[in-house]
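Protein chains in written order, with my numbering: chain A, 8 to 114; chain B, 42 to 157.
Every residue, glycine too, gets a C-beta built ideally from N, C-alpha and C.
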Amino acid sequence: DIQMTQSPSTLSASVGDRVTITCRASQTFNNWLAWYQQKPGQVPKLLIYKASSLENGVPARFSGSGSGTEFTLTISSLQPDDFATYYCQQYDSYPWTFGQGTMVEIK
Amino acid sequence: QLVQSGVEVKKPGASVRVSCKASGYDFMLYGMHWVRQAPGQGLEWMGWISTFNGNTDYSQKFQDRVTLITDTPTTTAFMELRSLRSDDTAIYYCASEGFHAALALWGQGTMVTVSS
Numbered sequence: 008d009i010q011m012t013q014s015p016s017t018l019s020a021s022v023g024d025r026v027t028i029t030c031r032a033s034q035t036f037n038n039w040l041a042w043y044q045q046k047p048g049q050v051p052k053l054l055i056y057k058a059s060s061l062e063n064g065v066p067a068r069f070s071g072s073g074s075g076t077e078f079t080l081t082i083s084s085l086q087p088d089d090f091a092t093y094y095c096q097q098y099d100s101y102p103w104t105f106g107q108g109t110m111v112e113i114k
Numbered sequence: 042q043l044v045q046s047g048v049e050v051k052k053p054g055a056s057v058r059v060s061c062k063a064s065g066y067d068f069m070l071y072g073m074h075w076v077r078q079a080p081g082q083g084l085e086w087m088g089w090i091s092t093f094n095g096n097t098d099y100s101q102k103f104q105d106r107v108t109l110i111t112d113t114p115t116t117t118a119f120m121e122l123r124s125l126r127s128d129d130t131a132i133y134y135c136a137s138e139g140f141h142a143a144l145a146l147w148g149q150g151t152m153v154t155v156s157s
């Protein structure tokens, strides 16, 4: 199984900050990597697919990059609506696996 | 959209069946996955079913206790989990792949509580 490890687990930031979340995989795979946002009491929402492609309707301040075993999600200028938990997920091979999540909280 | 069945409360050792009704897209075009989230915890992938031919792949963690099926005429997917334990208490989500294979469309979630 491909293990996904996110860092940090919690991130405190202010509106307008540039935020970066890292996701490391236990083995290399072919960029089938997604990022999801989940707010309390809500359903996860797809932000990024194939490591760097923006899902329709997702603001351009979100971007994804990386390859091999290291991937990042960047929010260029944090907005009030962005305070949430973010998960990476590999969908290269079964079993699909998620990172443990990164909570972005208000500083 | 994906609309799931309602809250379930079960006793340890029982089984639960959660349904997921799809509408607004070609049901047979995209695979259906099931993901669960225990209270205050992260997302956990349980398994996948091809809505085209019924092929499945399960997480080894649930291999012996879970069954995924679909009913094409009603465009509904089902997840059955057997031999429930207290640590199966969680929200269970169905989620459909998009054209890009990531989980683009999610059901609203079904809370399953296992308690004696």
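Any chain A beta carbon closer than 8 Å to residue i
i: S100(B); result: yes
i: L84(B); result: yes
i: T145(B); result: What sits at residue 145(B) in the sequence shown is Ala, not Thr. Taking Cβ atoms only, chain A reaches closer than 8 Å to A145(B), which makes this a yes.
i: Y133(B); result: no
i: W89(B); result: yes
Partners in chain A for residue i, counting only beta-carbon separations shorter than 8 Å
i: A142(B); result: W39, Y56, Y98
CB contact below 8 Å: residue i versus chain B
i: T104(A); result: yes
i: V159(A); result: Residue 159(A) is absent from the structure shown; chain A starts at 8 and stops at 114.
i: Y101(A); result: yes
i: E62(A); result: yes
i: Y94(A); result: yes
i: L80(A); result: no
Candidates the options: closest to residue i by CA position
i: P66(A); options: S21(A), Q86(A), Q49(A); result: Q86(A)
i: S19(A); options: Q107(A), D89(A), P102(A); result: D89(A)
i: T115(B); options: D67(B), Q149(B), S100(B); result: D67(B)
i: E85(B); options: F105(A), T109(A), Q10(A), E112(A); result: F105(A)
i: D112(B); options: Q104(B), Y133(B), V57(B), I90(B); result: I90(B)
Beta-carbon proximity of residue i to residue j, cut-off 8 Å
i: V48(B); j: T151(B); result: yes
i: M69(B); j: T92(B); result: yes
i: T130(B); j: C61(B); result: no
i: V155(B); j: S124(B); result: no
i: P102(A); j: S137(B); result: no
i: C95(A); j: Q10(A); result: no
i: T109(A); j: T92(A); result: yes
i: G73(A); j: W42(A); result: no
Amino acids of chain A, ordered along the chain, whose beta-carbon sits closer than 7 Å to that of residue i
i: A49(B); result: In the sequence on display, residue 49(B) carries Glu and not Ala. Within 7 Å Cβ-Cβ: nothing; E49(B) doesn't reach chain A, min ~18 Å.
i: G150(B); result: V50
Beta-carbon neighbours of residue i, restricted to chain B and to distances below 8 Å
i: Q107(A); result: G83
i: L18(A); result: By Cβ distance, chain B contributes nothing, its closest Cβ being about 15 Å from L18(A), past 8 Å.
Residue i Cβ short of 7 Å to the ligand MG heavy atom set
i: C135(B); result: As for the ligand MG, it is missing from this structure, which has no ligand bound.
Chain E contact residues for residue i, given Cβ-Cβ distances below 7 Å
i: L53(A); result: Among the chains of the structure shown, chain E does not appear; the protein chains present are A and B.
For the pair the region 136-146 of chain B and the region 74-93 of chain B, tell me if three or more CB-CB distances fall below 8 Å. Counting C-beta pairs closer than 8 Å gives three or more between the region 136-146 of chain B and the region 74-93 of chain B, which meets the contact rule.
Can you confirm whether the region 51-65 of chain B touches the region 28-38 of chain A when touching is taken to mean that 3 or more C-beta pairs between the two stretches lie within less than 8 Å? A contact is defined here as three or more CB-CB pairs under 8 Å, and the region 28-38 of chain A fails this definition with respect to the region 51-65 of chain B.
Counting pairs of Cβ atoms below 8 Å between the region 17-32 of chain A and the region 47-55 of chain A, do you hit three or more? They do not touch, by the three-pair rule.
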